[in-house]
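Residue numbering for the sequence shown follows our numbering, starting at -1 and increasing by one per position. Heads up, the beta-carbon is just placed ideally off N, CA and C, and yes, glycines get one too. None of these values were measured; they are calculated from a predicted model.
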Amino acid sequence: MTNIDKVILQMMQVMLQNKLPAIDRIEEESHDPFKVLVGTLLSARTKDETTDAVCRRLFKRVSSYHDLKHLSLIELEELIKPIGFYHTKARHLQRLPHVLEERFAGIIPRTIEELILLPGVGRKTANLVLVIAFKIPAVCVDTHVHRIMNRLGYVSTKTSLETEMALRGKLPVKHWLVFNSCFVSYGQHVCLPRNPRCNECRIFSECERVGVNR
Ligand code: SF4
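Structure, rendered in structure tokens:
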């Protein structure tokens, strides 16, 4: 049976030896929920290095939601272009200030139910914003969490939503603020999507390697 305390401790050590995930870096450098929200929106289906570079460029022009109002759709697209699905994400960024003002008086909300009312924000983004920007315990399941939790045998689920629900009932709340960052980092450096580096894995003894070719 997986000792999840040990797993997260080992993953944390690996994370601290490497570059932090992009959204953690944005929080570390800005302490700004707006920037964490924008970074999280842009990071979906995008490599961390690309998210990092694009956010650095974008945040030179945009430091609050007010600045988004002065950019045309084409300017926004140009600014975020290497990002995956940049047409759609630019449209979401353009609508963001209006929804924020109309529904939330310009303040980034602090609940999942409210966050998912913002353009382009789904449960994953909402959960991550709660954890990273507001330090509110939440279960953020992205592709790394879903994949590694299943490989470990800690959950047995088909979709990210199923994984989120399973973890809500099983993962101790004390881990909710940190586990996503640890799993993202571990998924980027060791438990890779296609060729997991099981030979150099610190949690080999805790892992059932479900679905991994041995
Ligand atoms: S043993 Fe392999 S599959 Fe399991 S967590 Fe480590 S790298 Fe991933």
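Any heavy atom of the ligand SF4 inside 7 Å of the beta-carbon of residue i?
{"i": "residue 207", "result": "yes"}
{"i": "residue 153", "result": "no"}
{"i": "residue 182", "result": "no"}
{"i": "residue 169", "result": "no"}
{"i": "residue 81", "result": "no"}
{"i": "residue 201", "result": "yes"}
{"i": "residue 101", "result": "no"}
{"i": "residue 53", "result": "no"}
{"i": "residue 146", "result": "yes"}
{"i": "residue 196", "result": "yes"}
{"i": "residue 149", "result": "yes"}
{"i": "residue 138", "result": "no"}
{"i": "residue 97", "result": "no"}
{"i": "residue 12", "result": "no"}
{"i": "residue 143", "result": "no"}
Kindly list the residues whose CB is nearer than 8 Å to the CB of residue i, restricted to its own chain and excluding five residues on each side of it in sequence; keep chain order.
{"i": "residue 208", "result": "148, 149, 150, 151, 154"}
{"i": "residue 183", "result": "9, 12, 13, 16, 18, 19"}
{"i": "residue 176", "result": "6, 10"}
I need the boundaries of the alpha helix (DSSP H) containing residue i, first residue and last residue.
{"i": "residue 13", "result": "2 to 15"}
{"i": "residue 53", "result": "46 to 59"}
{"i": "residue 178", "result": "177 to 187"}
{"i": "residue 124", "result": "121 to 132"}
{"i": "residue -1", "result": "Unbroken run through residue -1: none, as it is neither H nor E."}
{"i": "residue 232", "result": "Nothing about residue 232 can be read from this structure; the chain reaches only from -1 to 212."}
For residue i, I'd like the list of residues in its chain whose CB is within less than 7 Å of its CB, leaving aside the five on either flank, ordered along the chain.
{"i": "residue 181", "result": "9, 142, 143, 146"}
{"i": "residue 114", "result": "120, 121, 124"}
{"i": "residue 85", "result": "75"}
So residue i and residue j are supposed to be a Cβ contact under 8 Å. How far apart are they, rounded?
{"i": "residue 82", "j": "residue 44", "result": "5 Å"}
{"i": "residue 91", "j": "residue 74", "result": "6 Å"}
{"i": "residue 119", "j": "residue 80", "result": "Their Cβ separation, rounded to whole angstroms, is 21 Å, which puts residue 119 and residue 80 out of contact at 8 Å."}
{"i": "residue 131", "j": "residue 26", "result": "In fact, because the Cβ distance is near 12 Å, the residues do not count as touching under 8 Å."}
{"i": "residue 179", "j": "residue 30", "result": "Wrong, their Cβ atoms sit about 18 Å apart, outside the cutoff."}
{"i": "residue 77", "j": "residue 93", "result": "Residue 77 to residue 93, Cβ: 16 Å. No contact."}
For residue i, which residues of its own chain have a beta-carbon under 6 Å away from its beta-carbon, when the five flanking residues on both sides are left out?
{"i": "residue 139", "result": "158, 161, 162"}
Distance cutoff 8 Å, beta carbons only. Does residue i sit that close to anything in chain D?
{"i": "residue 109", "result": "Considering every chain present, this structure includes no chain D. It has just one protein chain."}
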